[in-house]
Every structure is written in structure tokens, then in C-alpha cells.
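Colleague: If you scroll down you'll find the structure; I have some questions about it.
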Amino acid sequence: MSSASAQVPAPAPAPAGHPAGSGIPVLGVLSPFARIAILGTIGVSALAIALDFGLHVEGAAVFVVSATAILGLAWIVGLSTERLGAITGPQVGGVLNATFGNIAELIIAFFALQAGLITVVKASLTGSIIGNLLLVLGAAILAGGLKNGLQTFSQRIAGSNAALLVLAAIGLFIPAVFAVSGEATQGQRVEESVLIALVLMVGYGLALVWQFTNPERTLGGHGDPEGHAGPAWTGRTAVGVLLMAAALLAVLSEILVASIEPFIEQFGLSQLFVGVILIPTIGNLAEHLVAVQLAYKNKIEFSMAVAFGSSMQVALFVAPVLVLLGVVVGQPMDLVFPPLEIAAVGAAVAISALVALDGESNWLEGALLMLIYLIIAISFFELRLPAL
Amino acid sequence: MSSASAQVPAPAPAPAGHPAGSGIPVLGVLSPFARIAILGTIGVSALAIALDFGLHVEGAAVFVVSATAILGLAWIVGLSTERLGAITGPQVGGVLNATFGNIAELIIAFFALQAGLITVVKASLTGSIIGNLLLVLGAAILAGGLKNGLQTFSQRIAGSNAALLVLAAIGLFIPAVFAVSGEATQGQRVEESVLIALVLMVGYGLALVWQFTNPERTLGGHGDPEGHAGPAWTGRTAVGVLLMAAALLAVLSEILVASIEPFIEQFGLSQLFVGVILIPTIGNLAEHLVAVQLAYKNKIEFSMAVAFGSSMQVALFVAPVLVLLGVVVGQPMDLVFPPLEIAAVGAAVAISALVALDGESNWLEGALLMLIYLIIAISFFELRLPAL
Amino acid sequence: MSSASAQVPAPAPAPAGHPAGSGIPVLGVLSPFARIAILGTIGVSALAIALDFGLHVEGAAVFVVSATAILGLAWIVGLSTERLGAITGPQVGGVLNATFGNIAELIIAFFALQAGLITVVKASLTGSIIGNLLLVLGAAILAGGLKNGLQTFSQRIAGSNAALLVLAAIGLFIPAVFAVSGEATQGQRVEESVLIALVLMVGYGLALVWQFTNPERTLGGHGDPEGHAGPAWTGRTAVGVLLMAAALLAVLSEILVASIEPFIEQFGLSQLFVGVILIPTIGNLAEHLVAVQLAYKNKIEFSMAVAFGSSMQVALFVAPVLVLLGVVVGQPMDLVFPPLEIAAVGAAVAISALVALDGESNWLEGALLMLIYLIIAISFFELRLPAL
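As they're listed, the protein sequences go chains A, B and C.
Residues in the first sequence are numbered consecutively from 1, following my numbering.
Residues in the second sequence are numbered consecutively from 1, following my numbering.
Residues in the third sequence are numbered consecutively from 1, following my numbering.
What follows is the structure in C-alpha cells.
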């Protein structure tokens, strides 16, 4: 069945009541909201490009416009990945989701790395994990709890996912602890970080293998959330949309990164605040909204799957890839994170593991997770540390 | 029912076998033990006041006598709060308990703050959490385990409470971690601590709302421990006793605080040891004995509720209130705790969460909790750090 | 029954199909493999002694040969302890196992202590805990998971054991945290460490009492793993074998320790790497293989019992004994471990507790535990710290 549908992907007919389309097949199958959002994203992207290349505007305006465009593009990447996943079946779809899930973040981080903004890159990794575990999971649990009351889930599966997450976080942060004690040179640190990046990627590969062979043990793996099939594109259309959105994402990420430093100066922000709070939000907002929506529909396990899975991916895939890319582009990045980032991630991982282990969630837990995020954001904002 | 009884609170008749009373209605309804304890407390309070104001004695003698009086007064405050709670019903009673539960501690800390003993104040917050989670919970689990064998409780409810406690502790200690990395001035630290204090109090408010709307999800919330109705006072008598005990508590706290420094010098103790070990014991001993008693009666959930609830209150209510009061009285206190206090609280929270998560307790766990407390006490004692 | 069999220990007849014996009763009752292993161990021991005392060889060769001999001797000690346990019944057997379980490690550490290699001794304690919780438990879970699929176990019992382990680890590491803050002299540190060592040993005594009185609450306590009866020796033979193996162990440990420094110089290793990674592996390999074998036979609870129990023993018995012995032999050792060792143990304890708490294990968890061990080993290897 699934291989047959992969060869002859028959696009689902547009739902009755929707106009037959605007002549463009890509948009024709979409809901009016999605159509407007896609067209809007294209418009904002064009504006950002014009501001930067045409008008040579700098700073806040470019930052805000390109950030908005990236929000939309990340969402479009998500749509096409979902569609390809629905066409190719859960196995390949899982790989696609795993690969493209944090693509926006990876692209932004790559350009920031190339521009030498290593503090921002590391901070964005930290911020992505914190954002997923505190802000997104918190908002999902809060919304789900207010709507549905006490929400329960499999303690064992959630606990097992939490254990994997803790393992990933510890692997990622061990070099930093060792850096505190050691007298290693920067070269040795990078050497060690490359070795560890390779080990982490082995771990990621094993985790993927395990998920494919044990779908029923994965959070939310035993069921399919509504609306996760994506729009009714053909496979070819979906691939085309994915490639174009990714290409545009790359252009806009470069624009965004170039505007970070003027933006920081204009508002007196710290690189850490931008890296920990703003960048991850820009790269992940679309995914975040989905997680909250799922919790609201009483599918809290899927929300946890998104938050935990995305965090694990950052620790085991995005971070190691950036270490290796750093060596390639001549901006060697080690995995030695500053203490306050480690503490923030440690806290986020510990709390979310605990919340998972008791097998149930309520709005108070969600609200407190968000308050912790707020406290961390205040702390990073107040810091105004000079670039490390 | 409960509102009716609130309007016409009929005092329960004195139990048969007890003498009809000593002519004072406040004491007449009490058991002989309680009567002696109250009269003794009044006597010791008078002695402390005489020593301080009349004889101008200083140091150890005043410290010991006023500490003894405070032990008794905190117990009387507890009695009258319980009675008011029984009269007004569980909802209002919960607020009363939450507000007056740590009142002795809050008053002592306030006077210590006013006297500029900021190291002692911070240490007493730390010590209160450690004492609740290691000493009190340990003693309760040990006593309960020796008497009743293996004690089990709802893993989910205990786990959920543990998660809230971890959230509270993390919120409280984030500023300290950030202070290590930052180059903030003392003014900026206080500014940040005030902001965070406000966030913590929002968290406390939310936790209270949640407990009132979900009493059955609170540890020990689904049932009433014996003897929690307090003495058979009328509402008016209970309010009167509460106000008088609180007023006396304030006077004696001021005396106690004034005697801390001579006491420290006389015995060569450190401010940290007094703050972490002695002050919290003085403020909480009455509550602690109740927790142990409940475990002995095989009501281990109530013991955990006392230990967890009291710790959470210190983190989310007492500490933020002191930060705000510090600004008011011109002794600004930040929330930047020294590393060893953070480590001690972190250890205490982690252990008690683990003990809660396995859903059962035995005397060995209790004994080990108490040994950890002993090790921490030895360490603080050996430190003899100069005042920070 | 059990006391009767203790008085008249009838050796089980040698299994049919095995030759009646080589004339030496000690070897006659053994399987061919065990016989060869014992003879080989004796031969290698003789070689090591000859190399050291006879030929005055130094460095790597002596290190490797004596390490090999110790591997074998530790296994022989295990055999005779098991046999004595089977003869004397579970109560006394438990004490024997608890006492002799880490005897090889204790003897090596003692000679290293006497030689003033305090960094190596502390590192070997750390390494023993890490090795048990990450490498051994990881290998056991991986092997068990690949062979048997998802393995489940009692969440409560495993959780309770994890809680005890966390308690032990925290007790052990508190002095280090305090040392960071304090300005204590080395003398004061040793004084505090001796006090804390005594408290830890009280905890160990209580844990033994608890295990004897609650065998059914101990991991793997409700059943007997196959082959845990040891070879069919008489009590007298077993005692004789035990004493001779222990004596030989002492001789070879002294040889091993003397060869550590030349070995380190020859290969450019750090004392930390040798202490954390090599020494614990030499002392524990036999025990480790048993744990993996048990998991492979789908007896994962026994594997966890070995890993958790051995770690607890190191924290509550081996470490305190070494502190006291250090004072006796004039090489005072405190319990102030370097930060990276604390972080590594903290990580190992936290992960293994989480893995235990979800009540099930799969090969991915095992693989990730081993990867974390690999990352820690890489970090210690890269460090090449000078001796502290």
C-alpha cells in the first residue's frame, strides 16, 4: 500500500466549499488561510531582499522583516515535509521529519557560524533546547490543561524519552565541564569537540534506528495526529516547494545574520539574549504552534514528542553538525558552553523529565514551566554580557 | 454547611475526663498538656523580655531563652490557625495555613534583615528548605517506617508535588547561577532579584489557585488527618490568640536577632551555621513534630505534604516577600545564594523528589535522609566562614 | 536447613561428563574452563612476580602482566565468596558478598594510597562508580535488549535502589562542594572527611541491616540467578582458596601500583585517565562480565543489582575505609574530589536513576549509556592533566 501510493501519489481532491484554485496548482489545494500565509511569506521575503540588497537598509528593520519571512518559510518547509512524509509512509517520513525538523535553525546557525558569531550560535543551541522544554512544553501543557483538565499519558514511554533526552544533554555538555578543569588549548578543545560530535552523531543514528523499529514505544508513535498529512500536493510539487523554500530560507538567513550586530547595537541587547531567546523563536515558532495546538486537542503525547524530539535533535544532530561545519568553513567551534547556559539547560531537562515521569500534566505545571522560562529570559536580558 | 458553621462556630465540648477549666476560657477547652505548654510559653517569653529589657543580659542566655519562647509561640500560632481553618472550611483554611505556616520564620527573618544580617537571612531560607526535606521528611519516614513497615502513597500525586517543588527551587536559584557569570553591580542584582521575586509570587498565587480547585490532587488533600481541627475555641478567641501570639513572636524575634551576634562570638560559630541549622529549627520545630507524628500514625502523605508544601512556600513566598521588604526597609537583599547553599538545596530537592517518585518509603530512606542532613550540618559547622 | 548445611557442607558431585579431577581437590570439582582459568591466573601471577622481583623489569610489561593476574584473582575471590555464601545461607552470604565484592579494588587502592598516589586513588573511586553505572549497566542493557527485546522490571524496587544510590553519591560528594567555598586547611579537610567517612559507614551498616531484613525489596532479591552457588568446594577449601587468592592479590596489587608511574610516563597518559578508566576495569572486570551475562539471560534486575550495589558499596564502604586507612598509614586523604569527577559521577547517577525509574530498558538506552562512558573516557584521555 504505502509503496504503491509513493509511486502514484494521487492528490486528495480539494475539500468541497473551497474555490477550485487560483490557477497555481501549488496553492489550489490549500485552505484560504494557508494560501494567504504562503503568499504573505513570499511578499515579506521579497521585501527583506529588497531592503537589504536594493536599499542597503541596516539594523532593526531588516532584522524584523527577515525574521518574519523566516517564520513563514520554516512553516512552509514543515508543510512540504509533512506531505512528503504522508506520501512516502511513516518510515521515510520519520527520516524526513528528523532531517528537516530543525532545518531553519541549522541554516541560520550555519550563516552565523560563517560570520564568526560563535557566541550567538552556541547560545541558539542552548536557547532551542530551553525553548522547546520550557516555553513550548509549558504552553502546550497550560493550554491543554485549561481546556481538558488533567491530562495523562504513558509514564513509561514519557519516562523513556526523558531518559534519552537526559543522555543527549549530558553528552553535549560534558566537554564544558572538562574545559573548566583542564588547561587545554583552543586547538585541543576543538579536537575533543570533533571527536565527541562524532560520538553524538552515532547516538543520533542509533536513536533513529530504534524509533523506526519501535514506533509503538515512541511518544505519540501509536496513532496519528489529525492534519499531519500536509496539503494535498503531488510528490513532485512537494519536493519543489521544499527546495524553493529551503533556498529562500538560506538567502534570508544570511540577511538576518548580517543584521544581528547592528540590531544588537541599536537596542543595547546582548549577543546571549539574541542567541538564547530570539533566534530559536524565529526558527521554531511554527513547530511550537503545532505543539500547543495538539495539546489543546488533548493530544498531549504528541506535544511532548515534538518538544522532546526537537531538543534531542538539537543535542545529537544540529550541534555536532555545526562543530563539523565549523572546521570546514574555518570557524572552529568547540562544545564548551558557558556555565549559565549549562545551568539553564540542566534545569530545563531536569524539570521536563520530572513532569514526564509522573505520567500526568495539569495547567499549573505548564504555567510554572513558562514562568521558569520567563525568569531565565529576564536573567539573560539583564546580563548584557559582552561577547565572550 | 461550612458557611453556616463559620457564622455560628459552636465550640466543641471539652472531652470528658478533662477538668472543666481554670476559669480562663482560652485554656479551659485545652488538654492538660496544651494548657501547661501555653502557660510555660508565656512564662518563658516574659523571662526573655525581662532578661533583655530589664537586666540587659546579652548573648547565649538570651538567645536560648528567646528561642525557647519562639518555639512555643510558633506552636500556639499553629493551634489558632488550625482552629480558624476548621471553623472557616477547607478553602479559607488553606489560605490561612499557607499564610501563617511560615510566619515565625518570616518574622525572624524580617528582623534579621532589618539588622543587616543578610547572610543569616539567606542561610535561614536555605536551611528551612533543607530542614524540611531532609531532617523532617527523614525523621517522618524513619519513624513511620519503623512503626508501620513499608509505607506506600500515590506515586502520581507525590511526583507531581515533587515536580512543583523542583520548579520552585530552580526559579529561586537561577539568579545565583547568573551572578557567577555576570559582571552585574549589586544594584543590578537587586533589580533583577525584585523582578524575579514578583515572578515567583505569581507562581505562588497560581499554585494556591490550583490547590483550591484541585484538592484531591494535593498530597493528603483527600482526607483529613486527626487532630487537625485545633482546640475548641470560638472564632473570636482563635483570632485573639493568633494576634497576641504573633505580636509576642515579633517582640521575641527582635530579641533573638539582637542576641545572634554575641551568641556567635561566644561559641565561635559561623553565621552560616546559625542561619542554616539553628534559625530554621527554632521557627519550624512545632510543625516538624506534627509531620513526624503523622508518619508514625501511618499518614505518610500528610507528612510529605507538610515537608513539600513548607519548602515550596519558602521558595515562592517567604523569599520573594523578604526581597521586597528588604527594598522597603533599606536593606536590599538579592537572591544570589552562595554555591554551597545551592548545592545543599539541590541535593535535598533531588533526593526528596526521588524518594517521592518511587511511591513508597521505608526506614532506610528516612535514616539516609537524616544522615545527609547530618553531613551537611557537619560541613556548615566545620566551615566557620567569615560573614560574606 | 541452612544452618544444618552450614555445619555439614556436602560438596555437590562433579557434573557427569567431567573428568574426575586432576588429583588436586580444589580443581577437581571445576569445569574445564574454570580449571584452565585458575591455572592460567596462577601462571600469570608467577610471571608478574618474577618480572618484578627477579628481573627488575619496569613499566608497561609489568603493568600489563600484573593487571592480567589481578583480573583472574578477583574472579577467583568471587568464586570462593559465592561458594561460601551458598554454604552459609543468604544472610551471611550477603555480608560476605558485600565485604569481598570490591576487595580487589580496595587492595589496589590501599597500595596506591600507601605509595602516595592519592589522585589515582580518588580517581579510581570515581571511575568505579562511573564504570558500574555507565559501562557495565550499559553493556548489560544493550546485550539484554538486543537478545530479549524490551526488558521490564519493578519500577518501585529499582526506583528505591536508585534513591539509595543518589543518597550515597550525595553524601560522598558534599565535602567537595564545601571545599570550593571554604578556606579550610588541608588538616581541617581531612578532619571533616574522617567525620563524614564515619557517617557514611553508619549509612552502609544501616543499608546492610535493611537488605537482610527486607530481601524481597532488594533488586533481584526475590529469586536466585543460576550459577550463583559457586564451585562445589567444601567450606574449608573455599576459605583456603579465598585467603590464598586475597594474599596473592595483595602482592600483585603492590607490583601493579609500583608500575603505574613508569607506565604513565611511557605512554604519556594522565594519572586521572589511569585512575578513572584503567584501575577500576582491572579490579571489576570479572564482576562486570557476570552482570552482562545475567542481562543476556533476561535477568536484568540482577544486572542492575550488581551495578547499583557495587556503586553504593564504593561510596559508602570503600571510600570511607580508604579515608580511615589513609590516616593510619600517614597518607591522609580527604574526600574533596575534583569538579570533573563530581560532574561525571553526578551524570552517571542521574542517568542510571532515570533509566531505573521508568521500569523498562531497551538496547538504545544501553547503547547511549556506553556512548556517554566513551565521551567521558575521551575527555579524561584528552585532559592529560598534571597530577593534582
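Note that CB positions come from ideal geometry on N, CA and C, so glycine has one too.
Can you confirm whether H222 of chain B, when its beta carbon is compared against all beta carbons of chain A, has any partner nearer than 9 Å?
Modeller: To locate residue 222 of chain B, count along the second sequence from 1; it is residue 222. Since pLDDT at H222 of chain B reaches only 46, below the 50 mark, its modelled position is unreliable, and the value read off the structure follows with that caveat. Taking Cβ atoms only, chain A never reaches closer than 9 Å to H222 of chain B, which makes this a no.
Colleague: Considering N284 of chain A, what are the terminal residues of the alpha helix (DSSP H) in which it resides?
Modeller: Along the first sequence, read from residue 1 onward, the residue named residue 284 of chain A stands at position 284. Element bounds for N284 of chain A: I279 to Y296.
Colleague: Going by Cα to Cα distance, which pick from C:A295, C:V241, C:A377 and C:P320 is closest to L73 of chain C?
Modeller: Stepping through the third sequence from its first residue, residue 73 of chain C is reached at position 73. Taking only the C-alpha atoms, the option nearest L73 of chain C is C:V241.
Colleague: Under 8 Å Cβ-Cβ, which residues of chain C neighbour G159 of chain A?
Modeller: Counted from its first residue, the first sequence places residue 159 of chain A at position 159. The contacting residues are L354, L357, D358 and G359.
Colleague: Output the distance between the C-alpha atoms of Q313 of chain B and I196 of chain B, rounded to the nearest integer angstrom.
Modeller: Within the second sequence, numbered from 1, the residue matching residue 313 of chain B stands at position 313. Within the second sequence, numbered from 1, the residue matching residue 196 of chain B stands at position 196. Cα-Cα distance, rounded: 15 Å.
Colleague: Would a C-beta distance cut-off of 9 Å place A168 of chain B and N284 of chain B closer than the cut-off?
Modeller: As a position in the second sequence, residue 168 of chain B is number 168, starting the count at 1. As a position in the second sequence, residue 284 of chain B is number 284, starting the count at 1. No, Cβ-Cβ distance for A168 of chain B and N284 of chain B is not below 9 Å.
Colleague: Can you tell me whether DSSP reads S361 of chain B as helix, strand or coil?
Modeller: For the purposes of this step, residue 361 of chain B is taken as residue 361 along the second sequence, with counting starting at 1. In this structure, S361 of chain B counts as strand in the three-state DSSP scheme.
Colleague: Which residues of the stretch 335-351 of chain A have a Cβ closer than 7 Å to any Cβ of chain B? Give them in chain order.
Modeller: If you check each beta-carbon in the stretch 335-351 of chain A against every beta-carbon of chain B, the ones closer than 7 Å belong to P338, P339, L340, A343, A347, A350 and I351.
Colleague: Excluding sequence positions up to five away, which residues of its chain have a Cβ less than 6 Å from the Cβ of F380 of chain A?
Modeller: Locating residue 380 of chain A in the first sequence gives position 380, where the first residue counts as 1. The residues are L272, F273 and V276.
Colleague: Which residues, taken in chain order from the stretch 192-209 of chain C, show a beta carbon closer than 7 Å to some beta carbon of chain B?
Modeller: E192, L195, I196, V199, V202, G203, L206 and A207
Colleague: Checking 9 Å against the spacing of the C-beta atoms, do Q331 of chain C and Q114 of chain C come in under that value?
Modeller: Against the third sequence, residue 331 of chain C aligns to sequence position 331. Against the third sequence, residue 114 of chain C aligns to sequence position 114. Yes.
Colleague: Does at least one heavy atom of the ligand ZN sit under 8 Å from the Cβ of L142 of chain C?
Modeller: Among the ligands in the structure shown, none appear at all, so the ligand ZN cannot be discussed.
Colleague: Quick check: what's the CA-CA separation for A140 of chain C versus L278 of chain C?
Modeller: Taking the third sequence and counting its residues from 1, one reaches residue 140 of chain C at position 140. Taking the third sequence and counting its residues from 1, one reaches residue 278 of chain C at position 278. Each residue's Cα considered, the two are about 20 Å apart.
Colleague: Which value, in whole angstroms, describes the spacing of the CA atoms of F100 of chain C and S311 of chain C?
Modeller: For the purposes of this step, residue 100 of chain C is identified with residue 100 of the third sequence, where counting begins at 1. For the purposes of this step, residue 311 of chain C is identified with residue 311 of the third sequence, where counting begins at 1. Rounded to the nearest angstrom, the two C-alpha atoms are 14 Å apart.
Colleague: Within 9 Å (strictly less), CB to CB, does W406 of chain B reach chain C?
Modeller: This structure leaves residue 406 of chain B out entirely; chain B is present only between 1 and 388.
Colleague: Please state whether DSSP places T152 of chain A in a helix, a strand or coil.
Modeller: Translated into the one-based positions of the first sequence, residue 152 of chain A becomes position 152. In the structure shown, T152 of chain A sits in a strand (DSSP, three-state: E or B).
Colleague: Please confirm whether I363 of chain C and G145 of chain C have their CB atoms less than 9 Å apart.
Modeller: Start at 1 with the first residue of the third sequence, and residue 363 of chain C comes out as number 363. Start at 1 with the first residue of the third sequence, and residue 145 of chain C comes out as number 145. Note on identity: in this sequence residue 363 of chain C is Trp, with Ile being the wrong assignment. Yes.
Colleague: Measuring CB to CB, does T126 of chain B end up less than 9 Å from E341 of chain B?
Modeller: Counting from 1 along the second sequence, the entry for residue 126 of chain B is found at position 126. Counting from 1 along the second sequence, the entry for residue 341 of chain B is found at position 341. Closer than 9 Å, so yes.
Colleague: For L248 of chain B, which residues from the same chain have a beta carbon less than 7 Å from its beta carbon, with the 5 sequence-adjacent residues on both sides left out?
Modeller: Here residue 248 of chain B refers to the residue found at position 248 of the second sequence. S45 and L73.
Colleague: Measure the C-alpha to C-alpha separation of G88 of chain B and W233 of chain B and round it to an integer number of angstroms.
Modeller: Here residue 88 of chain B is taken as the residue at index 88 of the second sequence, counted from 1. Here residue 233 of chain B is taken as the residue at index 233 of the second sequence, counted from 1. Here residue 88 of chain B turns out to be Thr, not Gly, going by the sequence shown. So the two alpha carbons sit approximately 13 Å from each other.
Colleague: Quick one, are the C-beta atoms of A163 of chain B and D334 of chain A less than 9 Å apart?
Modeller: On the second sequence, position 163 is the one that residue 163 of chain B refers to. On the first sequence, position 334 is the one that residue 334 of chain A refers to. No, these two residues do not count as a Cβ contact at 9 Å.
Colleague: Relative to the alpha-carbon of L200 of chain B, which residue among B:G40, B:L165, B:Q186 and B:A158 has its alpha-carbon at the smallest distance?
Modeller: Counted from its first residue, the second sequence places residue 200 of chain B at position 200. When only C-alpha atoms are compared, the closest one is B:L165.
Colleague: With a cut-off of 9 Å, does the C-beta of L137 of chain C fall near any C-beta of chain A?
Modeller: Along the third sequence, one-based indexing puts residue 137 of chain C at 137. Judged by the 9 Å Cβ criterion, L137 of chain C is not in contact with chain A.
Colleague: Inspect the beta-carbon positions of G59 of chain A and E287 of chain A and report whether they are closer than 9 Å.
Modeller: In the first sequence, the residue the question calls residue 59 of chain A occupies position 59. In the first sequence, the residue the question calls residue 287 of chain A occupies position 287. No, Cβ-Cβ distance for G59 of chain A and E287 of chain A is not below 9 Å.
Colleague: From A116 of chain A to L252 of chain A, what does the alpha carbon distance come to, in whole angstroms?
Modeller: The residue given as residue 116 of chain A occupies position 116 in the first sequence. The residue given as residue 252 of chain A occupies position 252 in the first sequence. Strictly speaking, residue 116 of chain A in this sequence is Gly, with Ala absent from that position. Roughly 18 Å separates the two Cα atoms.
Colleague: Please return the same chain residues whose Cβ sits closer than 6 Å to the Cβ of G23 of chain A, not counting the five positions on each side in sequence.
Modeller: By 1-based counting over the first sequence, the position of residue 23 of chain A is 23. For G23 of chain A, the pLDDT reaches just 49, beneath the cut-off of 50, and the residue's location in the model is therefore unreliable, leaving the point undetermined.
Colleague: Verify whether the separation of the beta carbon atoms of A367 of chain B and G159 of chain C is less than 9 Å.
Modeller: Here residue 367 of chain B corresponds to residue number 367 of the second sequence, with the count starting at 1. Here residue 159 of chain C corresponds to residue number 159 of the third sequence, with the count starting at 1. Result no, Cβ atoms of A367 of chain B and G159 of chain C do not sit closer than 9 Å.
Colleague: Sorted by chain position, which residues of the same chain lie with C-beta nearer than 6 Å to L198 of chain C's C-beta, five sequence neighbours on each side aside?
Modeller: In the third sequence, counting from the first residue as 1, residue 198 of chain C sits at position 198. So no residue of the chain qualifies.
Colleague: Within its chain, find whatever has a CB closer than 8 Å to the CB of P175 of chain A; leave out the 5 residues flanking it on each side and keep chain order.
Modeller: Locating residue 175 of chain A in the first sequence gives position 175, counting from the first residue. For P175 of chain A, where only same-chain residues beyond five positions count, the Cβ hits under 8 Å are R189, E192, S193, I196, D334, L335 and V336.
Colleague: May I ask which residues mark the beginning and end of the alpha helix (DSSP H) holding W210 of chain B?
Modeller: Stepping through the second sequence from its first residue, residue 210 of chain B is reached at position 210. Unbroken alpha helix (DSSP H) run through W210 of chain B: Q186 to T213.
Colleague: If we count the other Cβ atoms within 10 Å of its Cβ and call it buried at 16 or more, is I170 of chain B buried or exposed?
Modeller: Sequence index remark: in the second sequence, residue 170 of chain B carries index 170 (1-based). Buried, by the Cβ-count rule.
Colleague: Are the beta-carbon atoms belonging to V62 of chain C and T237 of chain C less than 9 Å from one another?
Modeller: Translated into the one-based positions of the third sequence, residue 62 of chain C becomes position 62. Translated into the one-based positions of the third sequence, residue 237 of chain C becomes position 237. Contact: no.
Colleague: Buried or exposed for L133 of chain B, please, with buried defined as at least 16 other CB atoms from any protein chain shown within 10 angstroms of its CB.
Modeller: Indexing the second sequence from 1 puts residue 133 of chain B at position 133. Buried, since its Cβ has 16 or more Cβ neighbours within 10 Å.
Colleague: Please say whether F111 of chain A and E254 of chain A have beta carbons closer to each other than 9 Å?
Modeller: Sequence index remark: in the first sequence, residue 254 of chain A carries index 254 (1-based). Sequence index remark: in the first sequence, residue 111 of chain A carries index 111 (1-based). Contact: yes.
Colleague: For V329 of chain A, does the count of other Cβ atoms within 10 angstroms reach 16, so buried, or fall short, so exposed?
Modeller: Looking up residue 329 of chain A in the first sequence gives position 329. Under this definition V329 of chain A is an exposed residue.
Colleague: Between which two residues does the alpha helix (DSSP H) carrying S128 of chain C extend?
Modeller: Within the third sequence, the letter at position 128 stands for residue 128 of chain C. That run of the alpha helix (DSSP H) goes I118 to I130.
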